[in-house]
Amino acid sequence: MNYIDSNLKVVGTRPIRPDGVDKVTGRAIYAADTRASGMLWGKILRSPHAHARIVSIDTSKAEKLAGVRAVVTSADFPNIASEEAFVGEGPMNFRDLSANIMARGKALYEGHAVAAVAATTQAIAEDALALIDVKYEVLPHVIDVDEAMADNAPVLHDDMFTSGVTPKPAKASNIAKVVTFKKGDVEAGFKTAEVIVEGTYTTKPVHQAYIEPHACLATYGSDGQITIHSSSQGHFMVRAYTAKLLGMDIANIRCTPAEIGGGFGGKTLVYLEPVAVALSRKTGKSVKMQMTREEVFRGSGPTSGASMDVKIGAKKDGTIVAVNQILKFQAGAFAGSPIGPGCMCGLALYDIEHINVVGYDVVSNRPKVAAYRAPGAPITSFAIESALDELADKLGMDPLTLREKNAARNGSKTHYGVTHSNIGFEQVLAAVKTHPHWKTPVKTGQARGLACGFWFNIGGESSANVHINEDGSVSAATGSPDVGGSRASMGMMVAEVLGISVDKVRTTVADTASIGFTFLTGGSRVTFATGMAVTQAAEKVVDELKKRAAMIWEIQADAVEWRDGKAFPAGSNAGAFEPLDLAAIALKAGRTGGPINAEVSVNAQGAGAGFGAHICDVSVDKETGAVTIERYTAIQDVGKAIHPSYVEGQIQGGAVQGIGWALNEEYIYNDKGQMENPGFLDYRCPVASDIPMIEAVLVEVPNPRHPFGARGVGEVPIVPPMAAIGNAIRRATGVSMPHLPMSPPTILAALSAAGK
Amino acid sequence: MAKSYVSTTINGESAEYLCEPQQTLLDVLRDVVGLTGSKEGCASGDCGACSVLLDGTLVCSCLVLGVEAEGKSILTVEGVAQGDKLHPVQQKFLEHAALQCGFCTPGLIVASKALLDSNPNPTETEIRYWLAGNLCRCTGYDKIVRAVQDAGAVMRGETV
Numbered sequence: 001m002n003y004i005d006s007n008l009k010v011v012g013t014r015p016i017r018p019d020g021v022d023k024v025t026g027r028a029i030y031a032a033d034t035r036a037s038g039m040l041w042g043k044i045l046r047s048p049h050a051h052a053r054i055v056s057i058d059t060s061k062a063e064k065l066a067g068v069r070a071v072v073t074s075a076d077f078p079n080i081a082s083e084e085a086f087v088g089e090g091p092m093n094f095r096d097l098s099a100n101i102m103a104r105g106k107a108l109y110e111g112h113a114v115a116a117v118a119a120t121t122q123a124i125a126e127d128a129l130a131l132i133d134v135k136y137e138v139l140p141h142v143i144d145v146d147e148a149m150a151d152n153a154p155v156l157h158d159d160m161f162t163s164g165v166t167p168k169p170a171k172a173s174n175i176a177k178v179v180t181f182k183k184g185d186v187e188a189g190f191k192t193a194e195v196i197v198e199g200t201y202t203t204k205p206v207h208q209a210y211i212e213p214h215a216c217l218a219t220y221g222s223d224g225q226i227t228i229h230s231s232s233q234g235h236f237m238v239r240a241y242t243a244k245l246l247g248m249d250i251a252n253i254r255c256t257p258a259e260i261g262g263g264f265g266g267k268t269l270v271y272l273e274p275v276a277v278a279l280s281r282k283t284g285k286s287v288k289m290q291m292t293r294e295e296v297f298r299g300s301g302p303t304s305g306a307s308m309d310v311k312i313g314a315k316k317d318g319t320i321v322a323v324n325q326i327l328k329f330q331a332g333a334f335a336g337s338p339i340g341p342g343c344m345c346g347l348a349l350y351d352i353e354h355i356n357v358v359g360y361d362v363v364s365n366r367p368k369v370a371a372y373r374a375p376g377a378p379i380t381s382f383a384i385e386s387a388l389d390e391l392a393d394k395l396g397m398d399p400l401t402l403r404e405k406n407a408a409r410n411g412s413k414t415h416y417g418v419t420h421s422n423i424g425f426e427q428v429l430a431a432v433k434t435h436p437h438w439k440t441p442v443k444t445g446q447a448r449g450l451a452c453g454f455w456f457n458i459g460g461e462s463s464a465n466v467h468i469n470e471d472g473s474v475s476a477a478t479g480s481p482d483v484g485g486s487r488a489s490m491g492m493m494v495a496e497v498l499g500i501s502v503d504k505v506r507t508t509v510a511d512t513a514s515i516g517f518t519f520l521t522g523g524s525r526v527t528f529a530t531g532m533a534v535t536q537a538a539e540k541v542v543d544e545l546k547k548r549a550a551m552i553w554e555i556q557a558d559a560v561e562w563r564d565g566k567a568f569p570a571g572s573n574a575g576a577f578e579p580l581d582l583a584a585i586a587l588k589a590g591r592t593g594g595p596i597n598a599e600v601s602v603n604a605q606g607a608g609a610g611f612g613a614h615i616c617d618v619s620v621d622k623e624t625g626a627v628t629i630e631r632y633t634a635i636q637d638v639g640k641a642i643h644p645s646y647v648e649g650q651i652q653g654g655a656v657q658g659i660g661w662a663l664n665e666e667y668i669y670n671d672k673g674q675m676e677n678p679g680f681l682d683y684r685c686p687v688a689s690d691i692p693m694i695e696a697v698l699v700e701v702p703n704p705r706h707p708f709g710a711r712g713v714g715e716v717p718i719v720p721p722m723a724a725i726g727n728a729i730r731r732a733t734g735v736s737m738p739h740l741p742m743s744p745p746t747i748l749a750a751l752s753a754a755g756k
Numbered sequence: 757m758a759k760s761y762v763s764t765t766i767n768g769e770s771a772e773y774l775c776e777p778q779q780t781l782l783d784v785l786r787d788v789v790g791l792t793g794s795k796e797g798c799a800s801g802d803c804g805a806c807s808v809l810l811d812g813t814l815v816c817s818c819l820v821l822g823v824e825a826e827g828k829s830i831l832t833v834e835g836v837a838q839g840d841k842l843h844p845v846q847q848k849f850l851e852h853a854a855l856q857c858g859f860c861t862p863g864l865i866v867a868s869k870a871l872l873d874s875n876p877n878p879t880e881t882e883i884r885y886w887l888a889g890n891l892c893r894c895t896g897y898d899k900i901v902r903a904v905q906d907a908g909a910v911m912r913g914e915t916v
C-alpha cells in the first residue's frame, strides 16, 4: 500500500526514540561494555613499517609469558583465494580482507596487523606484544597517489595488473583498475564551448572518526558454535566475513549487534572479529578485543584521498556542453577505493550532453580505505562544484543560476546510463532561491559559497518482523543496526499502519539467529528498504487481525475494515458489532489460529536519488589563515521525513563532518610512511565551538517506490560542504582553493603564492 | 604489583575498590566497579566520552588515576537521574533528538549538567566552548546546544 497522500498521524511527528532513555542514562550496551565468564583480552601487534617483507615471526617468548594463552599469526587463518565479495559496502575481495586483518608475507602499511595475543589481562596482552619477535625486510614505500602511479614507484602487489585496459599490461603496477564513463562526444562538445575552465584538485584521506573504537567479544565453543557480540553496521556482514575468513559455516555463527557508537561507513567490514574467534578457538575461552584510538587511525579505513583534473566547457548563456574529468583515488593497501561512485556522482546532478570520466583505483602504503558516507561523492563533487563556481564567475553568472540552468530533471540521462526519475533537484534549488540565507546580503568581511551534492541511495535486502503480543502491544524487530535513531522511524511506520500510538510499539534490532537476512546499514538504505519490510510486515498483521476479527464475529474477512487500531464491520450488511482493538483480538488469538505475527523479507528497489544544496558564509583571517563558518544552511530533498528531528540530525551531522573534511582533517605522514597524527588532538575533528547552528531545510518530493515516500538522507549532506566552503573562501580572498584541507597553513600558502 | 585500596563515593553512595596504581579512573569504573556508562573514545583526554564529576569538577576519567578518587566524590552518567526521574538535561537530549549513536552522550550529559550547575543561563557561545572537549561525530552539535539551552530554561523554572 502507498500512504504518500494519506492523512498521517504518526509519520512526520517527533516522538522520543525507544532506545533513548538507555542512551542518556548510560545503560545502553555498546561493544566494549560486555564481559563473558573467564574471558581473555586480545591485542594486536601492528607493523611499524609502511612496507616490509615479513621474514619471520617468533612468538615463543610471548607464549611463555605468564598469563598469555595464545598467539596467532596469518598461519592460523586459511589462505583465501581471490574472490569478489558482495558482503559490505563497496568493492571487496575476500583474499584482500583476509590479508588486511592479518598480514600475509608483507606488511603493507604502518598499523597493518601482523600477530595477535590473548591473555588474562589487557596489560599482559600488551606486554606480550613486545615479546613477539618479527624480522622485517623494510621495502621502499609510497604514500601519495600520483607518486604511486609513477613508473618507478614501489609496487605493493606483484600480481596486480591493471584491469579495465586493453591489452592487459605486461608489468605489475599500483593501478588496480581503470574505469571509464562516456556520454556523447566530448571532443566535439568542447569545440562548441565558448568558455572553458580547468583545474586540478586534491583531497586528503579523512577518517570516519566514530567516537566508539572497534570492539568485540567472541566465543568459540568446542562444538564449533560461535557467538560474536560486536559493534558494526551489519551483524550479518560480520557473520559472513568471519565465516569466510575462517572457513566456517555461516549457520554456526551467531552475531549479536551491540549498540554502535558511530560508523559512517567505517564499520562495514571486519577487523577484529575473525581474530577474536581465532584466539578463542585456540584457547577455549571467550576473547574480548577493543582498539585504541591510535589503532583506529592507523589500522582501520579512512576514505580515499584523491587527485583530480576537471575541464568544463560552456556556452555564454551558461549551458554546459562538455566535461572531462580524471579521478585518481587512493585505495590504501588493497584495491577497492570508491572510484565507481566517484566517477558517477559528481556529474549526476547536471544534464550535460558530452561527458568523459576516467577513474583510477590506486593502491599505496596506507590503511585499506573503508566506506565513508556517500563514498566517493564528496571527493568528486569538491572538484566539480569548485570548477562550476569558477565557471560562474567567468560567465559573469550567479552560481545558483548556473546550476538551475543545467540541473538534472526527471528524464535527464546520466553518463552512467541511468535516467533520472522522481528526483527533486529543481525543488532543492528553488528552495535555495527563496531561503532567507540566500536572499540576505552577505555581511561585510564575509563571503558566501554555494555547492550541491548527489547520492544515488540504495535499497537491497532487509527483513522485519511484527508481532502482536498477548496483551495487544506490539513488538517489531529488524535486522538493521540502529546508527542514528532508526528504531524510532521503524516503530513509527508500524504504528501508522496499525493505526495505534507509537508508544505501543517497541522496536528492537534482532541478532542473526532471530531475524531473516538483512544487508548492512549503509548507503542510506535502512529507512527505505527496512522501512519497506517493516511496513509490509505491519500490513500483513493488519490482514491477519481482520481475519481474526471476522472469525470472532463469524463473518467474512473482507467484511472487516481496519482503522484507528481497531476492527470494524465494513458496513451495515456486515452486521452490528462493537469494534475490536488489538488487545481484544490478541486475547482470543489462541482460539482463532494462534500467534499473530508476520515476518517479511524484501529486496527493495527504487531507492530514489537524493540531492542537496548547501549555503555557507565564511570569514577568513588573512593573518592566520583561519576560517570561521559564520552561517550554514543545508537544503535537501528527503522524500518524506519519517522522524523529522533525526532527518535534520543526519543533515546537520553530515554537514559538520564535511566542514571538518574541508578545513582540518587529514592524515599526516612522515618520510617513513608513518602517520604522525593518530589521535583526536592532532587529527582535528570539528568541536562545538568551531561550528555555528546548522539550519537543515527539508524539501519533500516523495519517492513513489517507498510506502511513505522516503528516500535516504544520510549520505547527501556530506557531499557539498567542501566545495561550498572552498567557494566561499575563494570569494573572500580572491584565491582559488583546490587543495583540501583548507587549513590555516594551506590558506596562508595559497594567499602568499597569489601575492596577497 | 600490589593493588591499592580506595575508599570513595560514587553517585552518592560510599564505595570501595582495589585497583592497580596505574589504572585510570575510567578503567576502574568500567572494569572494576562495573559502571560502563562512561565510555572510552580516545584514552587521551581529547574526546570527553569518559567525562565524570570529581568533587563537582568536570574531568576526563581517562586522565585521572583510580587511586586519586580516594576520599572524593564521583558522579558518573549513571548518577545523573534521580531514581526513575530523568535530569532536565537528559530529558531535553531526548526531546531534541540531541543524540544519534549515543556513544558521546554520557560524557555530554555529565558535562552539560556541570555547566548548568555553575552557569544556569549560558549563552550559545558559552555552551559551545564548555562542550568543546566533548566530541560528537553524529549530530553536528546543533541539537545538543539547543537541548542544553532548553534544559537551562527548565532548571531556571522558565519552561517545563
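Sequence order for the protein chains is H and B.
The first sequence maps to residues 1 to 756 in our numbering.
The second sequence maps to residues 757 to 916 in our numbering.
Ideal Cβ positions, reconstructed from N, Cα and C, are used throughout, including at glycine.
These figures come from a predicted structure and were not determined experimentally.
Does the separation of the CB atoms of residue 805 of chain B and residue 891 of chain B fall below 9 Å? yes
So residue 811 of chain B and residue 828 of chain B are supposed to be a Cβ contact under 8 Å. How far apart are they, rounded? 5 Å
Closer than 7 Å, Cβ to Cβ, to anything on chain H: give me those residues from the segment 859–881 of chain B, in chain order. 859, 860, 861, 862, 865
Which residue spans inside the segment 797–830 of chain B form an unbroken beta strand (DSSP E) run of at least 3? 807–810, 813–816
Taking 9 Å as the cut-off, decide whether the C-beta atoms of residue 453 of chain H and residue 385 of chain H are in contact. yes
Can you name the residues of chain H whose CB is closer than 9 Å to the CB of residue 834 of chain B? 25, 26, 27
So is residue 292 of chain H in contact with chain B if we call contact Cβ pairs under 9 Å? yes
Work out the CA separation of residue 292 of chain H and residue 112 of chain H for me, nearest whole Å. 14 Å
Under 8 Å between beta-carbons, which chain H residues line up against residue 901 of chain B? List them in chain order, please. 688, 693
Report the option in H:63, H:736, H:685, H:726 whose CA atom is closest to the CA atom of residue 889 of chain B. H:685
So that I know if they touch, is there some Cβ in chain B lying closer than 9 Å to that of residue 681 of chain H? yes
Any beta carbon from chain H within less than 9 Å of residue 768 of chain B's own beta carbon? no
Integer Cβ distance of residue 162 of chain H from residue 154 of chain H, believed to fall under 8 Å: That pair is no contact at about 16 Å.
Cβ atoms of residue 585 of chain H and residue 528 of chain H: under 9 Å apart, would you say? no
Enclosing alpha helix (DSSP H) for residue 909 of chain B [first to last residue]: 898–911
Beta carbon of residue 321 of chain H, beta carbon of residue 411 of chain H: below 9 Å? no
CB contact check: residue 142 of chain H to chain B, cutoff 9 Å: no
Can you give me the start and stop residues for the alpha helix (DSSP H) that residue 269 of chain H sits inside? Premise fails: residue 269 of chain H is in no alpha helix (DSSP H) and is neither H nor E.
Around the C-beta of residue 165 of chain H, are 16 or more other C-beta atoms found within 10 angstroms, so that it is buried, or is it exposed? exposed
Identify every residue that forms a DSSP beta bridge with residue 475 of chain H. H:467, H:506
Quick one: is residue 851 of chain B near chain H, going by C-beta distance under 9 Å? yes
Under a CB-based cut-off of 9 Å, is residue 645 of chain H close to chain B? yes
Kindly list the residues whose CB is nearer than 6 Å to the CB of residue 551 of chain H, restricted to its own chain and excluding five residues on each side of it in sequence; keep chain order. 592
Kindly say whether residue 838 of chain B, judged by its beta-carbon, lies nearer than 9 Å to any beta-carbon of chain H. no
To the nearest angstrom, report how far apart residue 436 of chain H and residue 633 of chain H are at their CA atoms. 10 Å
Which full runs of the beta strand (DSSP E) of 3+ residues lie inside the segment 171–229 of chain H, going along the chain? 175–183, 195–203, 215–220
Tell me, which residues are paired with residue 115 of chain H by DSSP? H:45
Do you know whose CA, among H:755, H:329, H:638, H:472, lies nearest residue 733 of chain H's CA? H:755
Whole beta strand (DSSP E) elements within the segment 512–574 of chain H, 3-residue minimum: 560–563, 566–569
Mind listing which residues of the segment 205–239 of chain H have their C-beta closer than 8 Å to chain B's C-betas, in chain order? 208, 209, 210, 211, 212, 213
Is there at least one Cβ from chain B nearer than 9 Å to residue 528 of chain H's Cβ? no
Name the residue from H:666, H:403, H:329 whose alpha carbon lies nearest to the alpha carbon of residue 350 of chain H. H:403
Please report the distance separating the alpha-carbon of residue 290 of chain H from that of residue 272 of chain H. 8 Å
Sort out for me which residues DSSP pairs residue 614 of chain H with in a bridge. H:451, H:634
Which residue or residues does DSSP assign as beta-bridge partners of residue 580 of chain H? H:567
Which one of H:493, H:198, H:480, H:535 has the shortest CA to CA distance from residue 11 of chain H? H:493
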